[in-house]
Every structure is written in structure tokens, then in C-alpha cells.
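Position one of the sequence shown corresponds to residue 8 (the working numbering), numbered consecutively onward. All residues carry an ideal CB built from backbone N, CA and C; glycine is no exception. Below you'll find the structure, written out as C-alpha cells, and then a few comments.
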Amino acid sequence: MSAIGTDALASVAIFATGDLVAQQMERRLQIARRWIGPLSADRAVAAPVPLVQPRRIASAAGLGFVYGGFMLPSVYQLAEGLFPGVLAKVIVSCSLLSTLGNYFSLLWRRYAQPSPQPGEGLACRLSRCCCTVTAEMPSVLSADLRVWPAYDVITFAVIPPLVRPFATAFVSTAWHTYMAYRAAVPQGDTEHCKIG
Numbered sequence: 008m009s010a011i012g013t014d015a016l017a018s019v020a021i022f023a024t025g026d027l028v029a030q031q032m033e034r035r036l037q038i039a040r041r042w043i044g045p046l047s048a049d050r051a052v053a054a055p056v057p058l059v060q061p062r063r064i065a066s067a068a069g070l071g072f073v074y075g076g077f078m079l080p081s082v083y084q085l086a087e088g089l090f091p092g093v094l095a096k097v098i099v100s101c102s103l104l105s106t107l108g109n110y111f112s113l114l115w116r117r118y119a120q121p122s123p124q125p126g127e128g129l130a131c132r133l134s135r136c137c138c139t140v141t142a143e144m145p146s147v148l149s150a151d152l153r154v155w156p157a158y159d160v161i162t163f164a165v166i167p168p169l170v171r172p173f174a175t176a177f178v179s180t181a182w183h184t185y186m187a188y189r190a191a192v193p194q195g196d197t198e199h200c201k202i203g
């Protein structure tokens, strides 16, 4: 199997695992809110919290195939091939993956959420998703820049190219758990993104 095929398969597992962990975090948060919330009569009416959302996991796996199998290796190979210095490689990696990569990942996950708003068409849904993702990007970028530049310095300075996909897989599992959670539990100012 080619290196890209191996990266793609590993990324499918990483992204699906990250989403599964994020779902369990969300589930615990929803259960806690249910018990801390208003009167017990309201608790009985609340919808049950699903243990696992297979469609979301499948979507995360698809994202892993595209992002981790092609986008991530392409950016690392581009940086490795074009620039001799570690700092230049880190700048290329962060400028592409921290911005466009995170936007793409968050948009894919948000668009693939299992419950669109009632009567919402595809174009309207895409517009709403773009608006909420754009509103959240500053905080996602801030979190990204606390993790990935340091990792990229280590990657380009110390980790041999053949080992990088596996090292990146380890860090990516934690990062994509965070991204799955952010996509499912919006935390930015998205109130202005109500369409219709």
C-alpha cells in the first residue's frame, strides 16, 4: 500500500475515534445539564441522549480520508520540498493547515451534523454553516496556534519524514477530538447566523 493510502486509512481511524470521544464528552455534558437544569418534569420530556451517532462517525471517517489522507500529507510534502529551513516549513504548514485546513474540517463536520433545521434547504444550510464556522475561527485558530507550531518545529527538526505520519496521528487524535467537539457544540458568537 502507498504512503498516501496508509495515511488515509490511519486518518479514517483517527478522525472516527476523535469524533466518538467527542460524542461521549457531549453526551456527558448533556446528561449533566439535564440534571442541573429546571424542574424534574422538564427532564422527563427531554429527548434521550444517543450513545453513539453512526452517521457522524462515518462523516468524520470521510473527513479523515480526505483531510488526513491527502491534504495533510500534501502540505507537509510541499513544505518539505520547497523550503530548507525549519521555520519556513512551519510557516507554510501553519498558514495552510491552521487556517484553510481547520475551516474545511469544521465546515465539513458542521454541515454533516445529523439534524438540519426543519425545512432548511442545502444552500441555506451551507450558508448557515459557513457563517457559524467563520464566527468560531478566531478561537479555533487561537487554540491551533498553541499546539501546532510547536509540534511542527519538532516534526521538521527532529522526526524523520517516514515516521511523521504516525507521530502526527498521535497528536491529530487529540486535535480532531477537539474539532469534533467544537463542531457539535458551537461556542462562538453565532447568534447572527440564524437564516430565515
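Within 10 angstroms of the Cβ of residue i, are there 16 or more other Cβ atoms? Answer buried if so, exposed if not.
i: A51; result: In this predicted model, A51 has a pLDDT of only 49, less than 50, meaning its place in the structure is not dependable; the value taken from the coordinates is given anyway. Exposed is the call here.
i: Q60; result: buried
i: G71; result: buried
i: Q30; result: buried
i: S81; result: exposed
i: L89; result: exposed
i: R62; result: exposed
i: P125; result: exposed
i: G12; result: exposed
i: A39; result: exposed
i: A15; result: buried
i: L129; result: exposed
Taking DSSP as the reference, what is the three-state secondary structure of residue i?
i: A51; result: In this prediction, A51 has a pLDDT of 49, which is less than 50 and means its spatial position is unreliable; what the coordinates show is noted afterwards. It is helical.
i: A187; result: helix
i: P145; result: helix
i: S105; result: helix
i: G75; result: helix
i: I64; result: helix
i: G163; result: As written in the sequence, residue 163 is Phe, which differs from the Gly given in the question. In the structure shown, F163 sits in a helix (DSSP, three-state: H, G or I).
i: F90; result: coil
i: S112; result: helix
i: A119; result: coil
i: P57; result: coil
i: S81; result: helix
i: G126; result: coil
i: V178; result: helix
Going along the chain, which residues of its own chain have a beta-carbon closer than 8 Å to the beta-carbon of residue i, five neighbours each way excluded?
i: L36; result: V192
i: R171; result: Y83 and T162
i: Q120; result: R63, A190 and A191
i: R133; result: The amino acid at residue 133 is misidentified as Arg; the sequence shows Leu. Here the set comprises Y118.
Within a Cβ cutoff of 7 Å, which residues of the same chain sit near residue i, ignoring the five residues on either side of it in sequence?
i: Y110; result: V140 and M144
i: C137; result: L114
i: G76; result: I11, D14, A15 and S18
i: T180; result: I21, T24 and G25
Nearest to residue i by alpha carbon, out of the options?
i: Q84; options: F163, S105, T106 and L148; result: F163
i: D151; options: L89, V178, C136 and V165; result: V178
i: L94; options: L129, D159, G75 and C138; result: D159
i: R117; options: A17, P156, A190 and E33; result: A190
i: W182; options: R171, V154 and S9; result: V154
i: G92; options: C131, V165, T106 and F77; result: V165
i: P168; options: A20, A39 and A86; result: A86
i: G108; options: G12, A174, M186 and R34; result: M186
i: L104; options: A130, L148 and R41; result: L148
i: A6; options: I43, C101 and Y74; result: Missing from the structure shown is residue 6; the chain here goes from 8 to 203 and no further.
i: M32; options: P57, F173 and V99; result: P57
i: I98; options: P156, I43 and E127; result: P156
Please list, in chain order, all residues of the same chain as residue i whose beta carbon is under 6 Å from its beta carbon, the five residues on each side excluded.
i: K96; result: A86, F90 and F163
i: V28; result: T184
i: A174; result: I166
Meets three-Cβ-pair contact criterion under 8 Å: the region 10 to 30 and the region 61 to 69: yes
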